[in-house]
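Position 607 (the sequence shown) corresponds to 960 in the numbering used here; numbering is contiguous.
In what follows, a structure is listed as structure tokens, so that the remarks can point back to it.
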Amino acid sequence: MLERRYRVDAPIARGGMSTVYRGLDTRLDRPVAIKVMDPQFAADPAFLTRFEFEARAVARLKHPALVAVYDQGSDRGHAFLVMELVDGGTLRELLRERGPMPPHAVAAVVGPVLDALAVAHRGGLVHRDVKPENILISDSGEVKIADFGLVRAAAAATTTSNSVILGTAAYLSPEQVTSGVADPRSDVYSTGVLMFELLTGTTPFTGDTSLSIAYQRIHDDVPPPSSRIAGVPAQFDRLVAQATHREPAHRFADAGEMAAALRIVCEQLELPSYRVPAPRRSAQHQSVNPAPQPTPTPHPTQGPGATTAAFAPGAAAAATTVTPHSAPPANDGIQHTRAVTAQTVRPSVADEDPADQVDDPQAHFADARRRSRRTTVVWLLVVALLALALGVGGWWMGSGRFTAVPQIGGLNKDAALTALHDAHLSPEIRGEYSDSQAVDIVVGTDPAAGSRVTRGSSVALVTSLGRPTVPPAGGSVNDTKSQLTARTLVPVDGGETFSSKVPIGGVAALEPAPGTAVAVGSSVKVVTSKGSPPVDVPDVKGMSENAARAALDKVGITVSETRTVFDKKIEGGKIIGTDPAVGSSVSAGTSVVLLVSNSVKVPNLLGRTVSSAREELTRIGLELTVRQLTQNDSSLIVSQSDKNDLVAKGSNVTVVAIP
């Protein structure tokens, strides 16, 4: 039992830092998983401090794909963590049973893992040890990730554990190998390696030692999964390549961004939904029904009425044979043990003769002395406890509840956070622009270093944001000035300019240009828009509609609509003019109406038959009047009223035909 509450049952798995047991919360009658840390870590105060801090941080996270943390504590030198019991097994056990996975199964595993990591990244936590052993699959198909913060806790310990390095070498990011620094992009790298292993069945790098495996990723890129196993889609190759880029800046910013990219790939490939199966021969399943232990086999009895108990070799007891009313054994030189075969009943005090009970004054005196000694010991214990309580209380009220803000100026953000946690302080990160300090370098604290504050107090950790950059233009003047002020920049009036994209009064431009890194407190000119510049409507008469639109777009004028008008001088489909008229002065961005001619050119009908002429004129929207002696469609046309003239649609053309 741990803390007189958690019953430790069968072991499930053993790792480099801990052993996981199936257990029971006897207070709530709830099955739980109990992770008991290795004694070399449990004896380290630095590890215990970090272990408790990480456990509290992880317990605040809520997501279906995160293994819930119920409790943590230390009992008789055993540091332990009480977690949700996931009935199923690990992803490592599933890989051993089934081998590489198809893309839709990989997406079903990695998707929930990324969603859970995204929740942790938004909460400021980094897992640091994403691998198949830390991913659990329940019997109902749920995918969960465990062991948040344990690597960071082990890193804070003064004890060295080679198993931590050996256990994570295949999944470490290059920056973890070179500098030991990890951020959300390190988890993205490990998840990319995990995807590679799920698709191919092997990790991308192999070697004789964990150190050689770890350092290969500094100089080599992770190969495409399709180079190891045929049939992997190119989208998964690109996803793994971006997640495992050696430069963190070229990876996904965090797990949330990678999860969004994975969903896009699933939609492009139309991958079906999939329920991930739990491994059948997992250690967790075997812990429910452990193998039965062999039972001792009794020896044959020695004779009628004899009873013999048999023990395993090395037992400290011997078999005893009892035979009621047996005859004394023969004197064969062996000293036999006599056995009493009947119980001897001692009479109780109530059954004794009162005459036999003698009042002994010495007995009363001894009892009184024993009671007096017990009373004295009890009072001495009470006085000692009171003195101890007063001493501890006085120390706590005087100096014990205070601590000093450590000197952390010049450290990076992660090292400063560790120092504040070790000092039992709660950090709050606050950014500040700086010309001299690199990004994420600590420039100070509030209260200042050396100040005495109560334990658990909040301390503002002021980190450098680097040199400020000019924000983007295009918003209102007030919003732009607020952004500049927030970046320590001073807005000054930069005058006005024409802009066809920014409305009057908006910010048309900034000087220096947006995105430029400048010194703290620099002045930035804010140039406001005075609207679109004036332009003259160009002459587009006689142009085609497309050519007219292009000429108008060139000067910043758009076409709102087209209107057909008859003009006997302009060929049909050509532009007659615009509304407003040519030469009118308008603002850029104004729209005009194009006037398009709908005139029809009369064709030459001489020498054609009446029927042919009628079909031609009907096709172009004109009427035909024939003058002839007899009604005959085969007659030839010898003259016509209009020829090669532009007329309105529906006009009548008169012809003379013979015979």
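All C-beta atoms in this analysis are idealised placements derived from N, C-alpha and C, irrespective of residue type, glycine included.
Computed from a predicted model, the values in this text were never measured in an experiment.
Identify, in the order they occur along the chain, each residue of the same chain with its Cβ nearer than 7 Å to the Cβ of residue i, setting aside the five sequence neighbours on each side.
i           : result
residue 362 : 374, 375, 376, 377
residue 784 : 816, 818
residue 690 : Confidence at residue 690 is low in this model, with a pLDDT of 36, below 50, so its placement is unreliable and no value can be given for it.
residue 825 : 867
residue 477 : none
residue 483 : 524, 540, 543, 544, 547
residue 492 : 440, 441, 631
residue 360 : 354, 376, 377, 379
Does at least one heavy atom of the ligand ZN sit under 8 Å from the Cβ of residue i?
i           : result
residue 816 : Here there are no bound small molecules, and the ligand ZN is not part of this structure.
With the cut-off set at 9 Å, would you say residue i and residue j are in Cβ contact?
i           : j           : result
residue 404 : residue 774 : no
residue 936 : residue 995 : no
residue 465 : residue 415 : no
residue 366 : residue 768 : no
residue 541 : residue 596 : yes
residue 963 : residue 991 : no
residue 859 : residue 882 : yes
residue 364 : residue 490 : no
residue 781 : residue 733 : no
Which one of the options has the shortest CA to CA distance from residue i?
i            : options            : result
residue 845  : 857, 831, 963, 934 : 831
residue 957  : 541, 567, 965      : 965
residue 1001 : 947, 918, 569      : 918
residue 442  : 737, 801, 634, 829 : 634
residue 613  : 945, 592, 867      : 592
residue 588  : 495, 801, 459      : 459
residue 579  : 450, 999, 455      : 455
residue 420  : 357, 387, 898      : 387
residue 971  : 953, 988, 833, 382 : 953
residue 951  : 973, 425, 934      : 973
residue 532  : 401, 467, 601      : 601
residue 594  : 616, 543, 638      : 543
residue 335  : 791, 829, 778      : In the structure as shown, the chain begins at 354 and stops at 1012. Residue 335 is therefore absent and cannot be evaluated.
residue 810  : 790, 757, 861      : 757
residue 384  : 358, 575, 472      : 358
Are there 16 or more other CB atoms within 10 angstroms of the CB of residue i, so buried, or fewer, so exposed?
i            : result
residue 993  : buried
residue 446  : buried
residue 538  : buried
residue 923  : buried
residue 729  : exposed
residue 598  : buried
residue 558  : buried
residue 562  : exposed
residue 354  : exposed
residue 986  : exposed
residue 572  : exposed
residue 501  : buried
residue 983  : exposed
residue 833  : buried
residue 570  : buried
residue 889  : exposed
residue 305  : Residue coverage of the chain in this structure runs from 354 to 1012, which leaves residue 305 outside it and unanswerable.
residue 1011 : exposed
residue 527  : buried
Beta-carbon within less than 8 Å of residue i's beta-carbon, same chain only, minus the 5 sequence neighbours each way: which residues are those?
i           : result
residue 765 : 534, 793, 794, 795
residue 582 : 453, 552, 553, 554
residue 871 : 820, 821, 822, 823, 842, 865, 877
residue 869 : 822, 823
residue 853 : 885, 886, 909, 941, 942
residue 946 : 912, 913, 914, 915, 916, 931, 932
residue 707 : Unreliable placement is indicated for residue 707, whose pLDDT of 41 sits below 50; the coordinate value is still reported in the next sentence. The answer is none, since no qualifying residue turns up.
residue 615 : 460, 463, 464, 467, 592
residue 856 : 882, 884
residue 760 : 802, 803
Who are the Cβ neighbours of residue i in its own chain at under 6 Å, not counting the five residues just before and after it?
i            : result
residue 1005 : 976, 978
residue 423  : 435
residue 930  : 894, 948
residue 841  : 786, 821, 873, 874
residue 843  : 876
residue 567  : 522, 525, 530
residue 437  : 420, 421
residue 585  : 552, 578, 579
Using a Cβ-Cβ distance cut-off of 9 Å, determine whether residue i contacts chain B.
i           : result
residue 360 : Of the protein chains in the structure, only one exists, and it is not chain B.
Segment contact flag, the region 601-610 with the region 408-426, C-beta cutoff 8 Å, min 3 pairs: Because the criterion of three Cβ pairs below 8 Å is not met, the region 601-610 and the region 408-426 do not touch.
Segment contact, 8 Å Cβ cut-off, at least three pairs: the region 389-398 with the region 428-438: Yes: the two stretches touch, three or more of their Cβ pairs being nearer than 8 Å.
Any 3 or more C-beta pairs closer than 8 Å across the region 866-881 and the region 908-916: Contact fails: fewer than three Cβ-Cβ distances are below 8 Å.
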